[in-house]
Structure formats: structure tokens, C-alpha cells
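Peer 1: Line by line, the protein sequences give chains A and B.
Per the working numbering, the first sequence runs over residues 1 to 304.
Per the working numbering, the second sequence runs over residues 1001 to 1256.
Note that beta-carbon positions come from the ideal geometry of N, C-alpha and C, so glycine has one too.
Computed from a predicted model, the values in this text were never measured in an experiment.
First the structure, then my questions, so here it is.
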Amino acid sequence: MTRTDLFTELTGLALENPTILAAGVLGTTGSSLRRMADSGAGAVVTKSIGIEPNPGHRNPTMFKLECGFLNAMGLPNPSYKEFRNELGIAKESGVPVIASVFGAHPDEFSQIIAGLDGADAYELNVSCPHAGRYGTAVGTDPVLVEEITRAAKHAASVPVWVKLTPNVTDIVGIGEAAQKGGADAVVAINTLRGMAIDIHSGYPILGNRFGGLSGPAIHPVAVKCVYDLYQVLEIPVIGVGGIANYQDAVEMMMAGARAVQIGSAVHDSITVFNEVTAGLAQYLEDKSMVLDDIIGLAHRKVGL
Amino acid sequence: MIPHNAVITEVIQQTPTITTLKTDIKLEALPGQFVMVWVRGLDEVPMALSHPDSITVQRVGEATVALSGMRVGDSIGIRGPFGNGFQLKGTRIMLIAGGVGGAPLLPLALLAHAKRLDVTTIIGARTGNELLFEQPFSQSGSVSVATDDGSKGYHGFVTGLMDRFDLESFDQFYVCGPELMMKNVLNMLQVKGIEMRSQLSLHRYFKCGIGVCGACTIDPSGQRVCKDGPVFQADMLIYSELGKYHRDATGKKIVY
């Protein structure tokens, strides 16, 4: 089997393999995104971009725990006007570049998408758990998610993905709202709300006091969310949460993910995309399977 | 890792603007590695280790002003060590320290001396009383100083002082200081065709400090200063943003 057998068609985009750099990770500059594409990512998602320049939260903004990572970056970004140039540099990589965008209401999403043209798709960040009136503040309301998605679809001439928060009672309802609004795919999941306190002093460690949990700890949560979304939605589900090796990726695809995103795992290995891709190719060869055989396999095993 | 609690055991005023804080924590680190220093309730900033148990701070912003005002018994949070550190190469080396850039170079000088390398240190500062670690560096080899105002040693920049040495006779150059100084040193070595013998420690705005967020990546390589660096060899820097621009907390380019 060769790498080309990992070719993935995703919402009309052609990916050489189904691994995608997740939003908010090594996506601040065009050259960083290009580096991740060069190191094997089938597509890359930018840092979330907003209307105005934003320095984000005070440090500490991220640290490693035994079970994963806590972060509260606070959506730092230089504004869509400033980021246009970086998007152009990222596109030199040749892989699809997806612009992650955030706003407080539908008009802001439309404005950014119109102003940040040239992306191969847009990923709507309605799920950042620590960003005031943005992110989860809009992503927990199915009516708003549907409106934002519809506005984004109207503004965009390319596919629109909606990234969902797990910090809701029922993620499927939010996924359905995105689908109803015209989303081409959903991405699940963003980080889980979390917090750590310094026992020497009593201070919350994150500058923002609380933030989002990522990494291995949330993988089973993400698998369950993807599993549930796949069961109900007609649009593709892109799985993200704690994927660090090909086994994690296979599991996520068996839950129903058409492609996977990888974020925190770049901490341990900057070449994680090549490792996951090589492992996935070998796995499929050993099992004499193709990607379509494993996507949603868990559902077929127990009956849809 | 979450921050270790580090209690300050000694405060040493090095220069009018630079303070060393000794703590009750000793970190096993390579010279040139850094730690993230958390001033609780305020901010967290990257700092070089000037000794396994010490950081050396120049007052430049809110967090460093707070650190400079700390007293024995106060505590800070420390995560690290992070980054790659310097690599000793050859038998005859030159260290070029500008301002507080001497902090990560001091442990390198001590290690090189212990390994019996021939160490020459050049220290630059704006003025004589801002020269950092002149005495400790002299325990590892010869020291020459340059000041912008001529109040001590060579009157001018470190590159002018370097010109007085037979630079080709050095196996490796280790540089840490203000970015434009480092760029000038690199240019000078390049003119002589020996730039590949240099290792430079970069400073960028850090957020996560652990190679995930991307705030400190440099153009055009996309290398992460916090994880792939902070020490880079010349090949990563010659055609880079070094000396041209850096980025602020939003990711916007700030031209030098």
C-alpha cells in the first residue's frame, strides 16, 4: 500500500491523507503552517482569527498535566486584515488551508470570511471554552449556531466546517443545528472546560483562571461525541481530541470520523503527522482494508 | 508540568537594572535552556537559568519589575527547564554576551572551563555599571568588555571589540544579547565565512513555552523558539526574520 491509498475527499477538498493540524496549534504564522504541512499534515487549520487584534489572556496560558494539557490562550490573533498575508504563505504548502474564524454574532463571522478570502474552507470556532462572549458562549445555543452557520455559508464560496464544544448536555443537538444551517462538516471536539490550582499559594494557575483540557484525557470523550454525531448527522464528522498515534486515529475513524485533527500531540512529536499517516497506512495494509472500511466500523459491528 | 514552588533564598543586585534571584530549587539543565517563571496573579515569563538554582532578571516590564522587587522568603512558580540549550564544540570558544544575555552564557562558560576548553568572553553593555557577570566569567577564561558610552573597556559595540581578535582561531561562537547586536555579530562572522561556527540564543514573545501554541515561531522556517530553540545555529538564522522583525502577543509583526 502506498500513501495515495490514504487519499481523502472531505467536503470537496482533496487531502493526501486524513490527518489535519487542529486549530490553535502552530497556526499563528504562515511559515509555521507550511512547516506542519511539510511534516505530513493532509490539511492545516489556522489559529482562530477575529475582527480586531487581540493579545489573548495573560500567561500562564498553557501547561502540561499528567493526563493532558490545560490552556487558556484567549483567542490571540492579529485580526483578519493582518492575517491575510500569513494565509497566502500557508497556501504555498499545497495542502488545503482551512481558516478558523470566531465572532460574537453572525455578522462578525460573515465579515471575517469575506475579508479573509483565499482559504480552502472555513472552520467556525463556536466552541472555545474560555473566551468571554465568543466560542462556547455562542456554541451552546443551537439557534445561534444555526444562524452563524447560515451566515457563514452565505459569505463563503468554499466549504464551512463547524467546530463543536463538548461542554453541552447534548452535542448532537448542536451538530444538527450546524447541519441545518448548511454546514459541510462538523469538527468534534474542542477542549473540555478545566482548571488547576496551585496548592502552594491557592492561585488558579492559568492567567484566565480556567481554560480547556486537551490531550489524552479527553480522547474517550471525543470518541463518544464523534460516535453520537455520526449516528445522527448526514454531513461528515471530523474527529479531534487526544489523538497522538495511529491507533487513536483508527479508533476515532471507527467511531465515525472521516478525517482526524491533531493538536496537543505536537508537544511530544513535531513529526506526529508522518507517524500517524505511516501507521495508518501499515494498519490498513495489514488488515487488507481501505479507509472506508474503518470509518464508522463500530456502528456496523453493533448495528446502526 | 505544573509550576514548582520556588522560594527565594538570596537576592543579588548585579547592576542597577539586573537582579539575580537564588531559589531553593536546583534544576538539572543544559546551559542555554530556560524556565517559565510565574509571578502569581500577574504573568509568566521565560527566563534563562544563570545557575541551576538562579535566574537573572533585567527590569523591562511588569513581571520583571515585580521579580526585581522580590525579597528572601518570597516565592515564585517555575516550570522547566525547556528548550534545547547550547552545545559545546571544539577546544577554543568565544562567548559574546550583551546586557542580560550573559545569564544563559555564564553556566556555559563554567561548563566549558570544567571541560578545559579555552574560553574567551566578550561582554557588552550600554555603560560600565551595567556590565553583567564580569567577575564570574573571568574565572573561566579571559574577559574583554565593551560599553556604548566608553565608560569602561572598549568604547563601542561588541563587534568592534571582536575585530581585535583573530576570529578564525575560534572553533565556536556563542551569542546572546539584544537582537540587533546578535544580527551584527552574525553578519561579521558571515563576512569572514565562519558563521556556521555560531550558536545564538533568541528571544521571542512566549505563550505556552512548550512548543504547542506557535506564538514564538520564526520565519521562514517555522521553527519554534521555545522548543526547537532558543539556541539556533547560523543556518537557521541567516535568511530569517532575525534583526528584521518579531511578533507581539497578537501575532502581528513588529519591525525592528
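Tell me which residues share the same chain as Q1013 of chain B and place their Cβ nearer than 7 Å to its Cβ, disregarding the 5 neighbours each side in the sequence.
Peer 2: Locating residue 1013 of chain B in the second sequence gives position 13, counting from the first residue. Only T1019 meet the Cβ criterion.
Peer 1: Between K64 of chain A and chain B, is any beta-carbon pair separated by less than 8 Å?
Peer 2: Walking along the first sequence from the start, residue 64 of chain A turns up at place 64. For K64 of chain A, the answer is yes, since a Cβ of chain B falls inside 8 Å of its Cβ.
Peer 1: Using a C-beta to C-beta distance shorter than 8 Å, which residues of chain A count as neighbours of R1040 of chain B?
Peer 2: If you number the second sequence from 1, residue 1040 of chain B lands on position 40. Going along chain A in sequence order, the residues near R1040 of chain B (Cβ under 8 Å) are D198, S201, Y203.
Peer 1: So, helix, strand or coil for A131 of chain A, using DSSP?
Peer 2: Translated into the one-based positions of the first sequence, residue 131 of chain A becomes position 131. Looking at A131 of chain A - three-state DSSP - the assignment turns out to be coil, as it is neither helix nor strand.
Peer 1: Report yes if the CB atom of G1085 of chain B is closer than 8 Å to the CB atom of G1032 of chain B, and no otherwise.
Peer 2: Reading the second sequence from its first residue, position 85 is the one you call residue 1085 of chain B. Reading the second sequence from its first residue, position 32 is the one you call residue 1032 of chain B. Yes, the pair counts as a contact, with Cβ atoms nearer than the cut-off.
Peer 1: Identify every residue that forms a DSSP beta bridge with R1092 of chain B.
Peer 2: Your numbering for residue 1092 of chain B matches position 92 in the second sequence. BP columns for R1092 of chain B point to B:D1118.
Peer 1: Are the segment 235-252 of chain A and the segment 274-286 of chain A in contact at 8 Å, needing three or more beta carbon pairs?
Peer 2: A contact exists between the segment 235-252 of chain A and the segment 274-286 of chain A.
Peer 1: Below 8 Å between beta carbons: does that hold for G1206 of chain B and C1216 of chain B?
Peer 2: Residue numbering aside, residue 1206 of chain B sits at position 206 when the second sequence is read from its first letter. Residue numbering aside, residue 1216 of chain B sits at position 216 when the second sequence is read from its first letter. Reading the sequence as shown, one finds Phe at residue 1206 of chain B and not Gly. Yes.
Peer 1: Taking the alpha-carbon positions, what's the D1148 of chain B to G1160 of chain B distance?
Peer 2: Counting from 1 along the second sequence, the entry for residue 1148 of chain B is found at position 148. Counting from 1 along the second sequence, the entry for residue 1160 of chain B is found at position 160. When rounded, the distance between both Cα atoms is 11 Å.
Peer 1: Please say whether Y1256 of chain B and L1180 of chain B have beta carbons closer to each other than 8 Å?
Peer 2: Your numbering for residue 1180 of chain B matches position 180 in the second sequence. Your numbering for residue 1256 of chain B matches position 256 in the second sequence. Cβ distance < 8 Å, so L1180 of chain B and Y1256 of chain B count as in contact.
Peer 1: Please name the residues in the segment 1003-1021 of chain B whose beta-carbon is closer than 8 Å to at least one beta-carbon of chain A, in chain order.
Peer 2: So the close ones are P1003, N1005.
Peer 1: Where do the N-terminal and C-terminal ends of the beta strand (DSSP E) with A14 of chain A fall, by residue?
Peer 2: Translated into positions along the first sequence, residue 14 of chain A becomes position 14. That run of the beta strand (DSSP E) goes 13-15.
Peer 1: Within 8 Å (strictly less), CB to CB, does T1217 of chain B reach chain A?
Peer 2: What you label residue 1217 of chain B is simply residue 217 of the second sequence in a count that begins at 1. Chain A contact via Cβ: present.
Peer 1: If Q1058 of chain B sits next to G1098 of chain B, beta carbons under 8 Å apart, how far is it from one beta carbon to the other, in whole angstroms?
Peer 2: Reading the second sequence from its first residue, position 58 is the one you call residue 1058 of chain B. Reading the second sequence from its first residue, position 98 is the one you call residue 1098 of chain B. Not quite, the Cβ-Cβ distance comes to about 11 Å (not below 8 Å), so this is no contact.
Peer 1: In this structure, how does DSSP classify G1243 of chain B when only helix, strand and coil are distinguished?
Peer 2: Taking the first residue of the second sequence as 1, we reach residue 1243 of chain B at position 243. Three-state result, G1243 of chain B: coil.
Peer 1: Check whether the segment 286-303 of chain A and the segment 1036-1048 of chain B are in contact - that is, three or more C-beta pairs closer than 8 Å.
Peer 2: No, because fewer than three Cβ pairs between the segment 286-303 of chain A and the segment 1036-1048 of chain B fall closer than 8 Å, the two stretches do not touch.
Peer 1: Run through chain B and tell me which residues come within less than 8 Å of P55 of chain A, C-beta to C-beta.
Peer 2: Walking along the first sequence from the start, residue 55 of chain A turns up at place 55. Simply D1248, A1249, T1250.
Peer 1: Kindly say whether R1071 of chain B, judged by its beta-carbon, lies nearer than 8 Å to any beta-carbon of chain A.
Peer 2: Counting from one through the second sequence, the residue named residue 1071 of chain B turns up at place 71. No, because no Cβ of chain A sits closer than 8 Å to the Cβ of R1071 of chain B.
Peer 1: Which residues in the same chain as V290 of chain A place their Cβ atom closer than 7 Å to its Cβ, once the five residues preceding and following it in sequence are excluded?
Peer 2: Within the first sequence, numbered from 1, the residue matching residue 290 of chain A stands at position 290. Cβ neighbours of V290 of chain A beyond the five flanking positions: D5, L284.
Peer 1: Note down, in chain order, each residue of its chain lying with its Cβ closer than 8 Å to the Cβ of L87 of chain A, except the 5 sequence neighbours on either side.
Peer 2: Here residue 87 of chain A refers to the residue found at position 87 of the first sequence. For L87 of chain A, where only same-chain residues beyond five positions count, the Cβ hits under 8 Å are G30, T46, V97, A99, L116, G118, A119.
Peer 1: Could you tell me which of B:I1078, B:N1184, B:V1011 sits nearest to V1072 of chain B, measuring between CA atoms?
Peer 2: Within the second sequence, residue 1072 of chain B is the residue found at index 72, counting from 1. Selected option, being the one with the closest Cα: B:V1011.
Peer 1: Roughly how many angstroms separate the alpha carbons of D228 of chain A and G215 of chain A, rounded to a whole number?
Peer 2: Counting from 1 along the first sequence, the entry for residue 228 of chain A is found at position 228. Counting from 1 along the first sequence, the entry for residue 215 of chain A is found at position 215. Rounded to whole angstroms, D228 of chain A to G215 of chain A spans 20 Å at the Cα level.
Peer 1: Using beta carbons (cut-off 8 Å, strictly below), is C1226 of chain B in contact with chain A?
Peer 2: For the purposes of this step, residue 1226 of chain B is taken as residue 226 along the second sequence, with counting starting at 1. Cβ-Cβ to chain A under 8 Å: no for C1226 of chain B.
Peer 1: Please state if the CB of A265 of chain A and the CB of E123 of chain A are separated by a distance shorter than 8 Å.
Peer 2: Counted from its first residue, the first sequence places residue 123 of chain A at position 123. Counted from its first residue, the first sequence places residue 265 of chain A at position 265. Not a contact, by the Cβ cut-off of 8 Å.
Peer 1: Does K1115 of chain B come within less than 8 Å of chain A when only Cβ atoms are used?
Peer 2: Walking along the second sequence from the start, residue 1115 of chain B turns up at place 115. Not an interface residue.
Peer 1: I'd like to know if H267 of chain A contacts chain B, where contact means its C-beta is closer than 8 Å to some C-beta of that chain.
Peer 2: In the first sequence, the residue the question calls residue 267 of chain A occupies position 267. It does: the Cβ of H267 of chain A has a partner Cβ on chain B nearer than 8 Å.
Peer 1: Checking contacts by CB at 8 Å: is M254 of chain A closer than that to chain C?
Peer 2: The structure shown contains no chain C; the protein chains it does contain are A and B.
Peer 1: Quick one, which residues of the segment 33-60 of chain A are near chain B if we go by CB-CB under 8 Å, in chain order?
Peer 2: Under the 8 Å Cβ criterion, the segment 33-60 of chain A contributes L33, R34, R35, M36, K47, P53, N54, P55, G56, R58, N59, P60.
Peer 1: How many Å lie between R3 of chain A and S288 of chain A at the Cα?
Peer 2: The count along the first sequence starts at 1 and reaches residue 3 of chain A at position 3. The count along the first sequence starts at 1 and reaches residue 288 of chain A at position 288. Unreliable positioning characterises R3 of chain A in this predicted model, as indicated by a pLDDT of 46, which lies under 50. A coordinate reading is not provided.
Peer 1: Taking the straight line between their C-alpha atoms, what separation do you get for S1068 of chain B and I1096 of chain B?
Peer 2: By 1-based counting over the second sequence, the position of residue 1068 of chain B is 68. By 1-based counting over the second sequence, the position of residue 1096 of chain B is 96. Rounded to the nearest angstrom, the two C-alpha atoms are 24 Å apart.
Peer 1: Any beta carbon of chain A sitting closer than 8 Å to that of K1026 of chain B?
Peer 2: Reading the second sequence from its first residue, position 26 is the one you call residue 1026 of chain B. With 8 Å as the cut-off, K1026 of chain B does not count as an interface residue toward chain A.
Peer 1: Using 8 Å as the threshold, is the C-beta distance between Y134 of chain A and I112 of chain A below it?
Peer 2: What you label residue 134 of chain A is simply residue 134 of the first sequence in a count that begins at 1. What you label residue 112 of chain A is simply residue 112 of the first sequence in a count that begins at 1. Result no, Cβ atoms of Y134 of chain A and I112 of chain A do not sit closer than 8 Å.
Peer 1: Counting only beta-carbon atoms, is E1044 of chain B nearer than 8 Å to chain A?
Peer 2: Here residue 1044 of chain B refers to the residue found at position 44 of the second sequence. Chain A, which has a Cβ nearer than 8 Å to the Cβ of E1044 of chain B, makes this yes.
Peer 1: On a Cα-Cα basis, can you pick out the residue from B:M1047, B:L1117, B:S1140 that is closest to R1204 of chain B?
Peer 2: Position 204 of the second sequence, counted from the first residue, corresponds to residue 1204 of chain B. It is B:M1047.
Peer 1: Taking only beta-carbon positions, decide if M1 of chain A is within less than 8 Å of chain B.
Peer 2: Along the first sequence, one-based indexing puts residue 1 of chain A at 1. Only weak support exists for where M1 of chain A lies, its pLDDT of 42 falling under 50; the coordinates are left without a value.
Peer 1: Measuring straight from C-alpha to C-alpha, what distance separates I1055 of chain B and Q1135 of chain B?
Peer 2: Translated into the one-based positions of the second sequence, residue 1055 of chain B becomes position 55. Translated into the one-based positions of the second sequence, residue 1135 of chain B becomes position 135. About 17 Å.
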